[in-house]
Structure formats: structure tokens, C-alpha cells
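Engineer:
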Amino acid sequence: MNEKGAFSLSVVFLLSVSNPAVCQVTIPSLSSTAEFGFLGAAIALALLGLLAYRLYQLQARQKVLISQKKELETQVAQLQHDAQRQNAFFSDIRHDLRSPVANLTNELMLLKSKAGHLPELARFERSVQELNLRLDNIIYWSLIQQNELPLFPRLVNLADLMREVIEEFDGLISQKSLVIKFDEQAATRLIDEILITLILRNSLYYAINVALANGVILISLRHEPVRTELIITNIGQGVTSNEPLLPQGKQNSSPGLLLSAELMKRSQGKLRIKNEFSRQPSITLSWP
0 MNEKGAFSLS VVFLLSVSNP AVCQVTIPSL SSTAEFGFLG AAIALALLGL LAYRLYQLQA
60 RQKVLISQKK ELETQVAQLQ HDAQRQNAFF SDIRHDLRSP VANLTNELML LKSKAGHLPE
120 LARFERSVQE LNLRLDNIIY WSLIQQNELP LFPRLVNLAD LMREVIEEFD GLISQKSLVI
180 KFDEQAATRL IDEILITLIL RNSLYYAINV ALANGVILIS LRHEPVRTEL IITNIGQGVT
240 SNEPLLPQGK QNSSPGLLLS AELMKRSQGK LRIKNEFSRQ PSITLSWP
């Protein structure tokens, strides 16, 4: 109440935390019950106005949230559609490429049985092996992208698998006059045979590919109670001076090894690469 006997009423409209709006209303001196009723009505109207304004703010905010939700739903639907198209594309690749590559492999085996080991056939064999390996890499990469990588673990003899892979690359090994030394121990693991075979093929193929002619590749297999390790090392004349195993800054130079590293993770193992410029680079596959 001021000196003239009037009441001063301030109503605050909270437009924002930092910017409140203040409305001041001066009401004359009240001397009767009716005038007190008028004051109460004025206060009630002010509160109703404030409540209405707050409801308006909430409705505006709700409209924004609904709009954002619809936009996110549209984006999710588009991503799901794109993923379905990608899955169908990868499935078509696997189906369309597998049959012709298998036919090439069969034709090569037939030619070798009739013509023997001709130089031309050796080059053809290397191309078919590379094509087969890269196709398998594409297939497994696509399965990983689709989260559809099947795992069928069973007890597998790693030494037997490694010998099979060495025999598979016999033509390529002979072309470069390489010597493969396999220092093995009996090692049986519960792993996916197809998956680990692809990892061994990628690892040995890269070691052969970067080795100098007349070089030596040492394969060591060690099976201990706490760890199993298979190490492929280029010794002897080592590797070409301009293409070491995954030099710094060229981690994408071997997609097969990068894929194999991911596949090793899926099989509870680890792939390590000695990736500096070295006369004896190595690839290590290990399982706890």
C-alpha cells in the first residue's frame, strides 16, 4: 500500500529465464467486501493469463518435438530401406560371382591334368587363386556389413589347415622359387574352419606376394596352455624394399589383412602385424 492508500500489484510473465516481463497494476484503496472481491478477481485473471501463456509455450514446444520426431522417423525409414537394398546387392554379388569363379577353377584343374605344368597355366592359376581369394574376402566383408556372419566352431587342427593352405599356393610359391619352412606343433582349437582358412590364406598370400624371389618364409605354430600362436615371417632375402607389410600410412594396402584382423576378433583371437620397414616382417595370429 502506498501513501495514498492504494495497492500496487505486480504480475510477472516468465517469457524466459533471463527475460521476465513484469506488469504492475495499481488498485485504489479498498473499503468494502465488493472491492476485495474485485481484487481477488483481478489476481485470478492475472494468474489465468500467466497459465494460458505457459500452456501456449508448452504447446509450441510440443509441436517442435513432434516435427523433430517425424523427421527422425523418416530418416530411420530411409536408412532401413537403404540397408535392405545394400543387403540385396551383396546377396546378388555372392550369387552372381561364385558360379563363374567356380567354373574357372574347374577348367584350370582340367587343363592342368591334360597339359601339365605349363608356364602359361601357372600364370592362369595365380590369377584364378587371386580371384578366388578376393571373392571370398568380398563375401565375408559383406556378411560383416549385414551383421550376418555365421560362425560354426568345431575342433580344428591348425597344423593340418596350414599345410592345406601351403599346398593351395604351391604354384605361386614355385613361381617365385620360395622356400616354406613350417615349424609346427599339434594345435587343436575350437574355431570356425572356413573362417580360419580364409585368414590363413590371406596371411600366407600376402607374405608370398611381398617376398623377393628365392626368399624364405618361416611359419611357426606354438600351442601352449594359455596361448596358441601362428607366426608367418619373411626371412632369408626378406621382402621387396618398396613394399613392406603395411608400412605406416599405408594401412589400406592389404584389404585382405584388414578383413582378417576383423575376422580374428570375431573368432576371439587377434592378428598383429610387424608393420615397420623391416627385413623380417611378420604376421602373428594368436588365441588365448
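Using numbering that gives the first Met the number 0, the letters of the sequence shown correspond one by one to residues 0 to 287. The beta carbon of each residue, even a glycine, is placed where N, CA and C say it ideally should be. Bear in mind the structure is a predicted one, so any value in this text is a computation, not a measurement.
Compare the Cα-Cα distances from Glu129 to each of Leu71, Ser253, Ala40, Glu228 and report the closest residue.
Structural biologist: Of the candidates Leu71, Ser253, Ala40, Glu228, the one whose C-alpha sits nearest the C-alpha of Glu129 is Ser253.
Engineer: Considering only C-alpha positions, which residue in the set Lys264, Ile179, Arg188 is nearest to Pro224?
Structural biologist: The residue with the shortest Cα to Cα distance from Pro224 is Arg188.
Engineer: Residues in the same chain with beta-carbon distance under 6 Å from Asn136, minus the five sequence neighbours each way, listed in chain order, please.
Structural biologist: Correct list, in chain order: Gly255, Leu258.
Engineer: Considering Cα atoms alone, identify which of Ile198, Ile179, Thr232, Ile231 is closest to Met263.
Structural biologist: Ranking the options by Cα distance to Met263, first place goes to Ile198.
Engineer: What does the alpha-carbon distance come out to for the pair Leu211 and Ile282?
Structural biologist: Going from the Cα of Leu211 to the Cα of Ile282 covers about 17 Å.
Engineer: Could you spell out where the beta strand (DSSP E) holding Asn146 opens and where it closes?
Structural biologist: Asn146 -> no beta strand (DSSP E), and no H or E assigned at all.
Engineer: How long is the line joining the alpha carbons of Asn156 and Ala121, rounded to whole angstroms?
Structural biologist: Computed Cα separation, rounded: 30 Å.
Engineer: Between which residues of its own chain and Phe123 is the CB-CB distance below 7 Å, once the five residues before and five after are set aside?
Structural biologist: Answer for Phe123: Leu107, listed in chain order.
Engineer: Distance check for Ile65 and Ala101, CA to CA, integer angstroms please.
Structural biologist: Taking the straight line joining both Cα atoms gives about 54 Å.
Engineer: Since Phe168 and Ile207 are thought to touch, with beta carbons under 8 Å apart, how far apart are those beta carbons, to the nearest angstrom?
Structural biologist: Right, their Cβ atoms sit about 6 Å apart.
Engineer: Could you check what DSSP says for Leu229 in three-state terms: helix, strand or coil?
Structural biologist: Strand, per DSSP.
Engineer: Given this structure, state the Cα-to-Cα distance separating His222 from Leu109, to the nearest angstrom.
Structural biologist: If you take the alpha carbons of His222 and Leu109, they lie about 39 Å apart.
Engineer: Relative to the C-alpha of Ile218, which candidate in Glu166, Asp191, Met161, Gln174 has its C-alpha closest?
Structural biologist: It is Met161 whose Cα lies nearest to the Cα of Ile218.
Engineer: Confirm, please, whether the CB-CB distance from Leu148 to Arg265 is below 8 Å.
Structural biologist: Result yes, Cβ atoms of Arg265 and Leu148 sit closer than 8 Å.
Engineer: Assuming the contact rule is C-beta atoms closer than 8 Å, Gln184 and Leu220 should be a hit. Round their C-beta distance to whole Å, please.
Structural biologist: Going by Cβ atoms, the distance from Gln184 to Leu220 rounds to 5 Å, so yes, they are a contact pair.
Engineer: What residue does the alpha helix (DSSP H) around Lys180 start on, and which one ends it?
Structural biologist: Not the alpha helix (DSSP H): Lys180 falls in the beta strand (DSSP E), residues 178-182.
Engineer: Using C-beta distances below 8 Å, list every residue in its chain close to Thr104, excluding the 5 sequence neighbours before and after it, in chain order.
Structural biologist: Val127, Asn131, listed in sequence order.
Engineer: Helix, strand or coil: which one does DSSP assign to Leu245?
Structural biologist: With a pLDDT of 45 at Leu245, under the threshold of 50, the modelled position of that residue is not reliable, and the figure given next carries that caveat. Leu245: coil per DSSP, three-state reduction.
Engineer: Using only alpha-carbon positions, find the residue among Leu270, Thr196, Lys269 that is nearest to Glu163.
Structural biologist: When only C-alpha atoms are compared, the closest one is Thr196.
Engineer: Report yes if the CB atom of Ile179 is closer than 8 Å to the CB atom of Ile216, and no otherwise.
Structural biologist: In this structure, Ile216 lies closer than 8 Å to Ile179 by Cβ.
Engineer: What does the Cβ neighbour count give for Gly268, buried or exposed, with the cut at 16 atoms within 10 Å?
Structural biologist: Per the 10 Å Cβ criterion, buried.
Engineer: Return helix, strand or coil for Pro288, following the three-state DSSP convention.
Structural biologist: Examination of residue 288 is not possible in this model, given that the chain is present from 0 through 287 alone.
Engineer: Between the Cα of Asp182 and those of Glu228, Tyr205, Ile138, Tyr204, spot the shortest distance and give me the residue it belongs to.
Structural biologist: Ranking the options by Cα distance to Asp182, first place goes to Glu228.
Engineer: Please state the DSSP three-state secondary structure of Pro152.
Structural biologist: Strand at Pro152.
Engineer: Could you have a look at Val24 and say whether DSSP puts it in helix, strand or coil?
Structural biologist: For Val24, the predicted model reports a pLDDT of 46, less than 50, meaning its position is unreliable; a value from the coordinates is still stated below. Strand at Val24.
Engineer: Verify whether the separation of the beta carbon atoms of Arg226 and Ser285 is less than 8 Å.
Structural biologist: Yes. Within cutoff.
Engineer: Helix, strand or coil: how does DSSP classify Ser219 here?
Structural biologist: If DSSP states are grouped into helix, strand and coil, Ser219 belongs with the strands.
Engineer: Using a Cβ-Cβ cut-off of 7 Å (strictly less than) and excluding sequence neighbours within five positions of Ile40, which residues of its own chain qualify?
Structural biologist: Going by the sequence as given, residue 40 is Ala instead of Ile. Closer than 7 Å at Cβ, skipping near neighbours: no residue.
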